[in-house]
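Colleague: Before anything else, here's the structure in question.
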Amino acid sequence: MERIELVALMTSYLNRSEMAQKICLPAPYGVPVLAVLLLPCLVTGVELAINNSSDNQILSTKPGREESLWCTVHNNSRAEELRWYRGDRTVNLKDGNKMNTTNLCILPVSKTDNGVSFTCKLVRNESIQISVTLDVQFPPLLTGEDPPPVEEKNDVKLTCHVNSNPQAEMVWYKDNSPLTLKRGRYQIHHTSEVFQLTIKKVDKSDNGTYTCEAKSVLGEMRKEFHLTVEDRKPVFPLEAIIAAIVVVLLTVIFGIVARREKIFKCSKKTKETPSETAL
Ligand SMILES: *[C@@H]1O[C@H](CO)[C@@H](O)[C@H](O)[C@H]1NC(C)=O
Ligand SMILES: *[C@@H]1O[C@H](CO)[C@@H](O)[C@H](O)[C@H]1NC(C)=O
Ligand SMILES: *[C@@H]1O[C@H](CO)[C@@H](O)[C@H](O)[C@H]1NC(C)=O
Ligand SMILES: *[C@@H]1O[C@H](CO)[C@@H](O)[C@H](O)[C@H]1NC(C)=O
Ligand SMILES: *[C@@H]1O[C@H](CO)[C@@H](O)[C@H](O)[C@H]1NC(C)=O
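The sequence shown runs 669 to 947 under this note's numbering.
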């Protein structure tokens, strides 16, 4: 235990001195060691704000909007370079948009920005940072495909894909009436992205149109799924089926050959008869 703690202490000490080195890199080489050690202290006290707020924020917005964020350094004794990140990736900024204050424009906001954080960091010490997380709100959008026709007694899944913020309330309908969830026959799997109905051992009465419905404060949407239940096909051994196909094919081929010969003979006869009458 003690040894592990000691190692942890040593590594944290090493990390700190590494950090100090990184921070001191811009300083001229001739600076005394004491000043080098004090430099990180000078960075503290410096504060960042986005649009005049020094707290991390959540910004509610909509797809297609334009959002402009101003990040400003406060209590700095010298010019400070700032850098924006989208998630963990650096945003490229123009040269005139980096010192003391920097503007980030999100144009247009898209659905894929939902939940993404935009962070402004002090380049000299990236632990000094502030961020805005986007809450991009949009009405529900449903997608999905009809399942292939299913034989009686088999299970079938109807998968309705949901994209909505805030999360929508979901309901399944069959032939326009709300589905009564009979125990054991139906199963519902519901996540933030999927609303899936499983029907166990389908029978003919399950055939029909199923509707996935999503409702949120921003709107609603319905998506239809058509389920076709087919008769259960009797299952034969594969060899017997192949043998049967071969027999049928051979019979058909012989039949055609035999008929063609007959037709051939007939046409010969009909050709011969006029020449006879001509004589
Ligand atoms: C910050 O606040 C000042 C004073 O209230 C105001 O003049 C300035 O426009 C604000 N800046 C931003 C980016 O909102
Ligand atoms: C931030 O401030 C700028 C300038 O005052 C303003 O145009 C912008 O809408 C503000 N952004 C937010 C998210 O409040
Ligand atoms: C600037 O620093 C002073 C003293 O450290 C502090 O009281 C003040 O709140 C700081 N102002 C800002 C905007 O960070
Ligand atoms: C940034 O702020 C510092 C401290 O207030 C100031 O000395 C410097 O001139 C400013 N630089 C720019 C480019 O605004
Ligand atoms: C089965 O459902 C499909 C799709 O909804 C429909 O087109 C078809 O008429 C139905 N068949 C029967 C026999 O009900």
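For glycine and all other residues, C-beta sits at the position ideal for the given N, C-alpha and C.
(1) Check the C-beta distance from Tyr753 over to Thr787 and give it rounded, since I have them as a contact under 8 Å.
(2) Between Glu888 and chain B, is the shortest Cβ-Cβ distance under 8 Å, so that the two count as touching?
(3) Over the uninterrupted beta strand (DSSP E) stretch that includes Ser785, give me the two end residues.
(4) For ligand 2, any of its heavy atoms closer than 7 Å to the Cβ of Asn768?
(5) Flag this pair as yes or no: are the beta carbons of Cys739 and Leu727 separated by less than 8 Å?
(6) Following a CB-centred definition, is Gly876 positioned closer than 7 Å to any heavy atom of ligand 5?
(7) Go through its chain and collect everything with a Cβ distance to Glu819's Cβ below 6 Å, but skip five positions before and after it.
(8) I think Ser799 touches Ser785, with their Cβ atoms under 8 Å apart; what is that distance to the nearest whole Å?
(9) Compare the C-alpha of Thr848 against each of Asn782, Ile867 and Ser745 and name the closest.
(10) Within the continuous beta strand (DSSP E) that includes Asp803, where are the two ends?
(11) When you compare the segment 843-861 with the segment 805-816, are there three or more beta-carbon pairs, one atom per stretch, that lie closer than 8 Å?
(12) Alpha carbon to alpha carbon, what distance is there between Pro776 and Gly852?
(13) Pull up the CB-CB distance for Gly713 and Asn743, whole angstroms please, since I reckon it's below 8 Å.
(14) Can you tell me whether DSSP reads Lys883 as helix, strand or coil?
(15) Go through the segment 802-872 residue by residue and report every complete run of the beta strand (DSSP E) that reaches 3 residues or more, in order.
Modeller: In short, the structure shows the following:
(1) The Cβ separation is near 4 Å, so the contact holds.
(2) Absent here is chain B; the protein component of the structure consists of one chain.
(3) In the DSSP annotation of this structure, the continuous segment of the beta strand (DSSP E) that includes Ser785 starts and ends at Ser785 to Leu790.
(4) Relative to ligand 2, the beta carbon of Asn768 is positioned no closer than 7 Å to any heavy atom.
(5) The answer is no: Cβ separation not under 8 Å.
(6) True, at least one ligand heavy atom lies under 7 Å from that Cβ.
(7) When the five nearest sequence neighbours on each side are left out, the beta carbons in the same chain lying within less than 6 Å of the beta carbon of Glu819 are those of Glu898 and Arg900, in order along the chain.
(8) Indeed, because the Cβ distance is near 5 Å, the residues count as touching under 8 Å.
(9) Ranked by Cα distance from Thr848, the options Asn782, Ile867 and Ser745 are led by Ile867.
(10) Asn793 to Val804 is the extent of the beta strand (DSSP E) around Asp803.
(11) No, they do not touch.
(12) Rounded to the nearest angstrom, the two C-alpha atoms are 47 Å apart.
(13) Indeed, because the Cβ distance is near 5 Å, the residues count as touching under 8 Å.
(14) Three-state result, Lys883: strand.
(15) Within the segment 802-872, the complete beta strand (DSSP E) runs of at least 3 residues fall at 806-811, 824-833, 837-842, 854-858 and 862-867.
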